[in-house]
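J.: Heads up: the sequence shown begins at 1 in the UniProt record's numbering, then just goes up one per residue.
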Amino acid sequence: MAHNVRGVISRAKGEPVELTTVVVPDPGPGEALVAVRSCGVCHTDLHYREGGINDEFPFLLGHEAAGVVEAVGEDVTGVAPGDFVILNWRAVCGECRACRRGRPWYCFATHNATQPMTLEDGTPLSPALGIGAFAEKTLVAAGQCTKVDPAASPAAAGLLGCGVMAGIGAAINTGNVGRGDSVAVIGCGGVGSAAVAGARLAGAAKVIAVDMDDRKLQWARGLGATHTVNARTDDVVKSVQALTDGNGADVVIEAVGRPETYEQAFYARDLAGTVVLVGVPTPDMRIDLPLLDVFGRGGALKSSWYGDCLPERDFPMLIDLYRQGRLDLDAFVSETIGLGDVEEAFAKMGRGEVLRSVVEF
Numbered sequence: 001m002a003h004n005v006r007g008v009i010s011r012a013k014g015e016p017v018e019l020t021t022v023v024v025p026d027p028g029p030g031e032a033l034v035a036v037r038s039c040g041v042c043h044t045d046l047h048y049r050e051g052g053i054n055d056e057f058p059f060l061l062g063h064e065a066a067g068v069v070e071a072v073g074e075d076v077t078g079v080a081p082g083d084f085v086i087l088n089w090r091a092v093c094g095e096c097r098a099c100r101r102g103r104p105w106y107c108f109a110t111h112n113a114t115q116p117m118t119l120e121d122g123t124p125l126s127p128a129l130g131i132g133a134f135a136e137k138t139l140v141a142a143g144q145c146t147k148v149d150p151a152a153s154p155a156a157a158g159l160l161g162c163g164v165m166a167g168i169g170a171a172i173n174t175g176n177v178g179r180g181d182s183v184a185v186i187g188c189g190g191v192g193s194a195a196v197a198g199a200r201l202a203g204a205a206k207v208i209a210v211d212m213d214d215r216k217l218q219w220a221r222g223l224g225a226t227h228t229v230n231a232r233t234d235d236v237v238k239s240v241q242a243l244t245d246g247n248g249a250d251v252v253i254e255a256v257g258r259p260e261t262y263e264q265a266f267y268a269r270d271l272a273g274t275v276v277l278v279g280v281p282t283p284d285m286r287i288d289l290p291l292l293d294v295f296g297r298g299g300a301l302k303s304s305w306y307g308d309c310l311p312e313r314d315f316p317m318l319i320d321l322y323r324q325g326r327l328d329l330d331a332f333v334s335e336t337i338g339l340g341d342v343e344e345a346f347a348k349m350g351r352g353e354v355l356r357s358v359v360e361f
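The following block contains the structure:
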């Protein structure tokens, strides 16, 4: 039996989002029906609305979510009705060359539900990142459900489904930040602030937050930054070097996704240091660096996709740290809103007024 629920869609490029009825089918083999409890408003959803991901409109937006499994299809054993889960967009296949080599966080064949969710007239919807959680219920592949402690706040837990995990993972998994390291994070929105928290969690001795907005720098301090640099008034490279005995940081995390900030990250690292790109660039962007500098500085230039996370490993661990008071996920929740408030949440995000607006059901 299909379920008619309220959901937020993007019908055409650049148009305001629309609250409408979404038809969600019962789960088929390998699928799970999830009653959504919360969903963060992520910049990726805005990218979908603006046509920056692809042109497969209409989109069912929302992907940074937590909820409760209502039903599962045949052959599903990992989750069951009643389980509290965080939704993820990396349901690993277990069979591709990355999975076979023991690196499932690089899985090249992640999968989603096969049945479409639709509008009432039968028009199929493209769910954001294969999830589509700006809806009262959503249909996903069972592997996209990661069971966690149900005592966790849904609004906080759901943020691990994308931005917060991307930032924490960029520091811990991709950057391999270790005890005593110096770390600089360029760009302190939701992902960058999470990278700050991840660096502190990993034991970094010095965490330098870089942004052009003093409000974001203050948020970063609350999440563990030991120093801040306002890029509007200060030279980023020289400032980071001055704070690291003239050397540069051991790890620099670029959470903006622009050529000029990547160049800052490249030169703000120590010799043999690591640069991690977690900010998402657009297809037209290019970087021009002297190849001799790439060779002569050594170290590593890395990209971080979803924080190189493995949801079944990382989500429960981070929720445990949250429950122990060692990871303040609540600090990322700037406000809770209703489904009808998503368009205004996009505007607040664009003005830099929030780390995350979170839809609660």
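Glycine residues also receive a C-beta, built at the ideal position from the N, C-alpha and C atoms.
These figures come from a predicted structure and were not determined experimentally.
(1) Please name the residue, chosen from Pro281, Asp270, Glu260 and Arg313, that lies closest to Leu289 on a Cα-to-Cα basis.
(2) Alpha helix (DSSP H) containing Val196: first to last residue?
(3) Report yes or no: do three or more beta-carbon pairs, one from the region 329-341 and one from the region 153-160, lie closer than 8 Å?
(4) Buried or exposed: Val294, going by 16 or more other Cβ atoms within 10 Å of its Cβ?
(5) According to the Cβ coordinates, are Ala32 and Leu139 closer than 9 Å?
(6) Considering Thr138, what are the terminal residues of the alpha helix (DSSP H) in which it resides?
(7) Figure out for me which residue from Ala249, Asp45, Pro116 and Val236 has the closest Cα to the Cα of Val275.
(8) Could you tell me which of Lys206, Ser38, Ala242 and Arg286 sits nearest to Arg221, measuring between CA atoms?
(9) For the beta strand (DSSP E) that contains Arg269, what are its first and last residues?
(10) Only counting the same chain, and skipping five residues up and downstream in sequence, which positions put a Cβ closer than 8 Å to that of Lys302?
(11) Report the residue from Asn88, Gly167, His111 and Glu15 whose alpha carbon sits nearest the alpha carbon of Glu95.
(12) Quick check: the region 241-257 against the region 174-189, are at least 3 beta-carbon pairs closer than 8 Å?
(13) From Pro29 to Ile186, what distance separates their C-alpha atoms?
(14) Nearest-angstrom Cα distance between Gly203 and Gly178?
(15) Grab me the residues of Gly130's own chain with a C-beta within less than 6 Å of its C-beta, minus the 5 sequence neighbours each way, in chain order.
(16) Which term fits Thr21, buried or exposed, when burial requires 16 or more other beta carbons within 10 angstroms of its beta carbon?
(17) Spatial neighbours of Phe346 within its chain, please: C-beta separation below 6 Å, excluding the five flanking residues on both sides.
(18) CB-CB under 6 Å to Arg232, same chain, minus the five flanking residues each way: which ones, in chain order?
(19) Rounded to whole angstroms, what is the Cα-Cα separation between Asp314 and Ile172?
(20) Could you name the residues of the same chain whose beta carbon sits closer than 8 Å to that of Lys147, not counting the 5 residues immediately before and after it, in chain order?
(21) Per DSSP, what kind of secondary structure is Ile131 in: helix, strand or coil?
T.: Well, looking at it:
(1) The residue you call residue 289 lines up with position 289 of the sequence shown. Looking at Pro281, Asp270, Glu260 and Arg313, the one whose alpha-carbon comes closest to that of Leu289 is Glu260.
(2) Taking the first residue of the sequence shown as 1, we reach residue 196 at position 196. Counted as a single uninterrupted DSSP element, the alpha helix (DSSP H) harbouring Val196 occupies residues Gly190 to Leu201.
(3) yes
(4) By one-based count along the sequence shown, residue 294 stands at place 294. Classification of Val294: exposed, given that the 10 Å Cβ count is below 16.
(5) The sequence position of residue 32 within the sequence shown is 32, counting from 1. The sequence position of residue 139 within the sequence shown is 139, counting from 1. Result yes, Cβ atoms of Ala32 and Leu139 sit closer than 9 Å.
(6) If you number the sequence shown from 1, residue 138 lands on position 138. From DSSP, Thr138 is part of no alpha helix (DSSP H) but of the beta strand (DSSP E) over Lys137 to Ala141.
(7) Reading the sequence shown from its first residue, position 275 is the one you call residue 275. Among Ala249, Asp45, Pro116 and Val236, the Cα nearest to that of Val275 belongs to Ala249.
(8) Taking the sequence shown and counting its residues from 1, one reaches residue 221 at position 221. Residue Lys206 is the option with its Cα nearest to Arg221.
(9) On the sequence shown, residue 269 is found 269 positions in, with the first residue counted as 1. From DSSP, the beta strand (DSSP E) with Arg269 extends over Arg269 to Leu277.
(10) Sequence index remark: in the sequence shown, residue 302 carries index 302 (1-based). Within the same chain, Lys302 has close Cβ partners Thr174, Gly175, Thr274, Val275, Val276 and Leu277.
(11) In the sequence shown, the residue the question calls residue 95 occupies position 95. That would be His111, whose Cα lies nearest to the Cα of Glu95.
(12) By the criterion of at least three beta-carbon pairs nearer than 8 Å, the region 174-189 is in contact with the region 241-257.
(13) Residue 29 sits at position 29 when you count from the first residue of the sequence shown. Residue 186 sits at position 186 when you count from the first residue of the sequence shown. For Pro29 and Ile186, the distance between alpha carbons rounds to 43 Å.
(14) Translated into positions along the sequence shown, residue 203 becomes position 203. Translated into positions along the sequence shown, residue 178 becomes position 178. Taking the straight line from one Cα to the other gives about 6 Å.
(15) Along the sequence shown, read from residue 1 onward, the residue named residue 130 stands at position 130. The residues are Trp89 and Asn112.
(16) For this step, residue 21 is matched to residue 21 along the sequence shown. Thr21 comes out exposed.
(17) The residue given as residue 346 occupies position 346 in the sequence shown. Once the five neighbours on either side are set aside, the close Cβ partners of Phe346 are Leu46.
(18) In the sequence shown, counting from the first residue as 1, residue 232 sits at position 232. Once the five neighbours on either side are set aside, the close Cβ partners of Arg232 are Met212.
(19) Here residue 314 refers to the residue found at position 314 when the sequence shown is read from its first residue. Here residue 172 refers to the residue found at position 172 when the sequence shown is read from its first residue. If I take the Cα positions, the gap works out to 11 Å.
(20) On the sequence shown, residue 147 is found 147 positions in, with the first residue counted as 1. Taken in chain order, the residues that qualify are Gly78, Val79, Asp83, Phe84, Val85 and Pro316.
(21) As a working note, residue 131 is residue 131 in the sequence shown. In this structure, DSSP gives Ile131 a state outside helix and strand, which the three-state scheme calls coil.
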